[in-house]
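Taking it in order: structure first as structure tokens, then the write-up.
What follows is the structure, encoded as structure tokens:
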């Protein structure tokens, strides 16, 4: 198959979004491991089972309205649910933002 000159222009400007469902392309630590690592940087210790349970709670608590939030606000709200389930009430707003901001730096 050959490309016509105008096809090459389209191909040169091609942008792609890759969806990696299930960690097939990019492998990261589990969400609970990432959360544990970040919380420990701030002096908060919880075991992996507690964090996994809190993460499941956050997944089950998402409402349809939550999907209308901005990316940042969605994850802050998600993280607040996790922190509340872990009974981390001090610095909840700060830590919810830290989890969003530092997530990918700690995922590898």
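Residue numbers (the numbering used here): 57 to 164.
All C-beta atoms in this analysis are idealised placements derived from N, C-alpha and C, irrespective of residue type, glycine included.
Rounding to the nearest angstrom, what Cα-Cα distance links residue 106 and residue 95 in this structure?
Translated into positions along the chain shown, residue 106 becomes position 50. Translated into positions along the chain shown, residue 95 becomes position 39. The alpha-carbon atoms of residue 106 and residue 95 are separated by roughly 13 Å.
Using only alpha-carbon positions, find the residue among 108, 70 and 84 that is nearest to residue 161.
Position 105 of the chain shown, counting from 1, holds the residue named residue 161. Residue 161 has its Cα closest to that of 84, out of 108, 70 and 84.
For residue 159, name the three-state secondary structure that DSSP assigns.
Here residue 159 refers to the residue found at position 103 when the chain shown is read from its first residue. DSSP, reduced to helix, strand and coil, places residue 159 outside both helices and strands of the structure shown, so it counts as coil.
Here's a check: name, in chain order, each residue in its chain whose Cβ is nearer than 6 Å to the Cβ of residue 71, leaving out the five neighbours to either side.
If you number the chain shown from 1, residue 71 lands on position 15. Excluding positions up to five away in sequence, the list is empty.
Who are the near neighbours of residue 87 in its chain, counting only those whose CB is closer than 6 Å to its CB and skipping five residues on each side?
On the chain shown, residue 87 is found 31 positions in, with the first residue counted as 1. Correct list, in chain order: 111.
When 115, 99, 128 and 101 are compared against residue 137, the one with the closest alpha-carbon
Stepping through the chain shown from its first residue, residue 137 is reached at position 81. Closest option to residue 137, Cα to Cα, is 115.
By a C-beta neighbour count over all protein chains shown, 10 Å radius and 16 as the cutoff for buried, is residue 65 buried or exposed?
In the chain shown, residue 65 corresponds to position 9, counting from 1. Because the pLDDT at residue 65 is just 48, under 50, the model does not fix this residue reliably, and the point stays unresolved.
Does the beta-carbon of residue 92 have 16 or more other beta-carbons within 10 angstroms, so that it is buried, or is it exposed?
In the chain shown, residue 92 corresponds to position 36, counting from 1. Counting Cβ neighbours within 10 Å, residue 92 comes out buried, since at least 16 surround it.
In whole angstroms, what separates the C-alpha of residue 57 from that of residue 69?
By 1-based counting over the chain shown, the position of residue 57 is 1. By 1-based counting over the chain shown, the position of residue 69 is 13. With a pLDDT of 44 at residue 57, under the threshold of 50, the modelled position of this residue cannot be trusted; read the value that follows with caution. Rounded to the nearest angstrom, the two C-alpha atoms are 19 Å apart.
Assign residue 173 to buried or exposed, taking buried as 16 or more other Cβ atoms, counted over all protein chains shown, within 10 Å of its Cβ.
The structure shown does not extend to residue 173, since the chain is modelled only from 57 through 164, so no value can be given for it.
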